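Inspection log for the structure reproduced underneath, given as structure tokens.
Here is the structure:
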């Protein structure tokens with residue numbers, strides 16, 4: 051329909067400015083609507099209604115169209131034939147391979163070693179996992195990379211803290227928990243020494259900043275241990291490897307519980323041997339310059355699109371920064387995978403850093419589409435998370451509480467569930483609630499975390515959508531006892547028709563997420579589909595309908611269940627057969 055409409059415009063007014071296919075989108079005023087006449091009026095220098103009049107005959111001639119009419123300034127509203135809708139129902143079950151032949155590198159989760167994953171990590175982890183699944187569904191080859199925070203100045207502090215404050219028994223019970231306690235204890239002692247010296251103490255001190263004139267003894271000791279680590283001191287390297295190993299073991303348990311997986315885990319340390327060559331290349335190409343013994347990259351509006359502060363890539367003492375590591379990672383990824391897109395999922399605080407990084411990449415000639423998929427912070431009601439202060443809720447405790455509360459709800463809905471089935475429902479619904487609570491919101495919004503909001507089982511939530519699926523499976527079981535099987539669609543009631551039209555939008559919803567990196571669009575779609583099914587269920591009985599109608603409605607039930615299950619799976623959320 052879109053290509054025929056485009057051809058009609060070309061025939062009437064010439065090809066300049068006319069796309070190869072005009073877009074027809076779902077609309078509250080019709081099955082689909084075309085607004086191309088308004089969009090092209092300026093380029094074609096014609097009134098929108100004249101353009102719409104040229105398009106209309108080609109639309110009316112299309113075999114899918116029951117009725118088409120011009121409205122308002124030049125809208126074309128289209129009603130589709132029921133027979134065509136029925137014939138194309140299974141289109142709702144397929145994803146168009148819009149990404150076929152293209153590779154995407156997707157960088158997400160990226161927790162810091164020696165610190166437990168807390169609820170602030172969940173946004174990057176589940177957002178990245180959802181994007182991985184969606185991109186693969188539409189044909190992209192996706193390289194999922196966990197860019198682990200396994201290197202940096204914090205390890206000097208941790209080594210000092212380990213030797214001063216380690217509780218060996220606590221470490222044996224909970225290695226990462228004890229490493230966090232050590233880090234918090236170190237931070238408290240460093241702060242106390244700064245106060246005693248009269249040195250300024252800032253929240254979130256920059257670990258990469260030069261040593262202050264009045265540096266506390268503890269910080270000097272930590273920097274010395276860091277230098278030894280960077281030089282390959284066997285004892286410090288062994289401690290660092292131990293910190294990485296115990297952290298990865300805990301991370302992997304959490305990832306398994308969340309259903310999250312990666313193709314690569316290439317942490318910052320992986321790029322250490324590439325950093326010197328990276329800076330040399332930046333200098334050779336005139337991208338970086340020397341400044342007071344350090345090496346920096348400067349940015350101007352004329353060259354880079356905006357003026358930004360300089361990016362430090364090598365300190366005066368010869369040390370490198372995580373920005374240097376990110377540039378090296380960009381070069382490595384392009385050389386190994388030649389991706390058409392690189393997506394990096396982090397919180398909003400790193401927006402400037404990635405604008406700088408992408409500007410450097412453009413000057414290096416990186417051809418890939420670079421996207422910082424940033425999200426708003428997650429806060430506690432009393433403020434932001436701080437590992438230094440120990441002000442965190444562990445991700446494990448969040449998931450445990452989610453399952454406990456979901457079990458209470460499941461018992462209230464169905465007292466007949468056996469304990470094993472109840473435990474599975476609690477797991478699926480609890481984890482689904484936590485994930486959907488995050489994914490259903492525009493990723494760029496700030497979230498103040500509370501238990502009630504995260505675990506709400508009302509409204510646009512995972513349990514609402516999961517319950518719609520479980521209800522359909524219940525209908526199918528009951529009707530199967532009568533020997534009924536799905537059959538072809540027959541004349542559609544209004545709520546049936548609305549349900550089918552909603553079904554047909556599923557591939558578009560998935561493609562929108564693949565292009566925009568905003569999974570809430572898929573959540574909104576699934577919520578709408580579950581609501582359309584609820585209206586259908588109330589208006590159109592299945593079990594007690596005439597055989598042909600019952601068979602047709604069973605087909606609708608089957609297709610809705612399939613789309614709900616597949617859509618939730620793309621979000622990393624499971625379903626249950628009974629709730």
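Residue numbers (this note's numbering): 51 to 629.
Backbone N, C-alpha and C fix where the C-beta goes; we use that ideal spot for every residue, glycine too.
In this text, all values refer to a predicted model and were calculated from it rather than measured experimentally.
Near residue i, what residues of its chain come up, given a Cβ to Cβ distance below 7 angstroms and the 5 sequence neighbours on each side ignored?
| i | result |
| --- | --- |
| residue 517 | 629 |
| residue 146 | 188, 557 and 561 |
| residue 96 | 63 |
| residue 239 | 268 |
| residue 85 | 125 |
| residue 53 | 70 and 71 |
| residue 297 | 163, 164 and 226 |
Buried or exposed: residue i, going by 16 or more other Cβ atoms within 10 Å of its Cβ?
| i | result |
| --- | --- |
| residue 557 | buried |
| residue 374 | buried |
| residue 567 | buried |
| residue 495 | exposed |
| residue 138 | exposed |
| residue 546 | buried |
| residue 290 | buried |
| residue 500 | exposed |
| residue 385 | exposed |
| residue 107 | exposed |
| residue 450 | exposed |
| residue 194 | buried |
Hey, quick one: how far does the beta strand (DSSP E) through residue i stretch, first residue to last?
| i | result |
| --- | --- |
| residue 201 | That residue, residue 201, is in no beta strand (DSSP E); it is neither H nor E in DSSP. |
| residue 413 | No beta strand (DSSP E) contains residue 413, which is instead part of the alpha helix (DSSP H) from 401-413. |
| residue 362 | 358-364 |
| residue 341 | 339-341 |
| residue 396 | 391-397 |
In terms of residue numbering, what span does the alpha helix (DSSP H) encompassing residue i cover?
| i | result |
| --- | --- |
| residue 225 | 225-247 |
| residue 588 | 570-589 |
| residue 627 | Looking at the DSSP string, residue 627 is not in any alpha helix (DSSP H), and its letter there is neither H nor E. |
| residue 474 | 469-489 |
| residue 461 | 445-463 |
| residue 304 | 284-308 |
| residue 71 | Per DSSP, residue 71 belongs to no alpha helix (DSSP H) and is neither H nor E. |
| residue 373 | 372-387 |
| residue 527 | 512-530 |
| residue 544 | 544-553 |
| residue 272 | 267-280 |
Quick one: grab the DSSP three-state call for residue i.
| i | result |
| --- | --- |
| residue 80 | strand |
| residue 604 | helix |
| residue 168 | strand |
| residue 318 | helix |
| residue 130 | strand |
| residue 125 | strand |
| residue 614 | helix |
| residue 95 | coil |
| residue 425 | strand |
| residue 349 | strand |
| residue 63 | helix |
| residue 499 | coil |
| residue 332 | helix |
| residue 156 | strand |
| residue 563 | helix |
| residue 117 | strand |
| residue 621 | coil |
| residue 216 | coil |
| residue 144 | coil |
Apart from the five residues on each side of it in sequence, which residues of its chain come closer than 6 angstroms, Cβ to Cβ, to residue i?
| i | result |
| --- | --- |
| residue 478 | 624 and 626 |
| residue 207 | 236 and 272 |
| residue 423 | 393, 395 and 567 |
| residue 577 | 510 |
| residue 141 | none |
| residue 191 | 153 |
Quick test of your reading: residue i and residue j, contact by CB under 8 angstroms. State the CB separation rounded to the nearest angstrom.
| i | j | result |
| --- | --- | --- |
| residue 535 | residue 604 | 7 angstroms |
| residue 397 | residue 425 | 6 angstroms |
| residue 445 | residue 304 | 6 angstroms |
| residue 590 | residue 543 | 6 angstroms |
| residue 410 | residue 377 | 6 angstroms |
| residue 22 | residue 391 | Any property of residue 22 remains undetermined from this structure, which presents the chain solely from 51 to 629. |
| residue 276 | residue 203 | 6 angstroms |
| residue 601 | residue 575 | Contact doesn't hold; Cβ gap of about 27 angstroms is too wide. |
| residue 118 | residue 110 | 5 angstroms |
| residue 159 | residue 127 | Between residue 127 and residue 159 the Cβ distance is about 45 angstroms, and since that is not below 8 angstroms, they are no contact. |
Give every residue of the same chain whose Cβ lies closer than 8 angstroms to the Cβ of residue i, excluding the five residues on either side of it in the sequence, and list them in chain order.
| i | result |
| --- | --- |
| residue 541 | 132 |
| residue 357 | 349, 350 and 351 |
| residue 467 | 460, 461, 475 and 628 |
| residue 248 | 264 |
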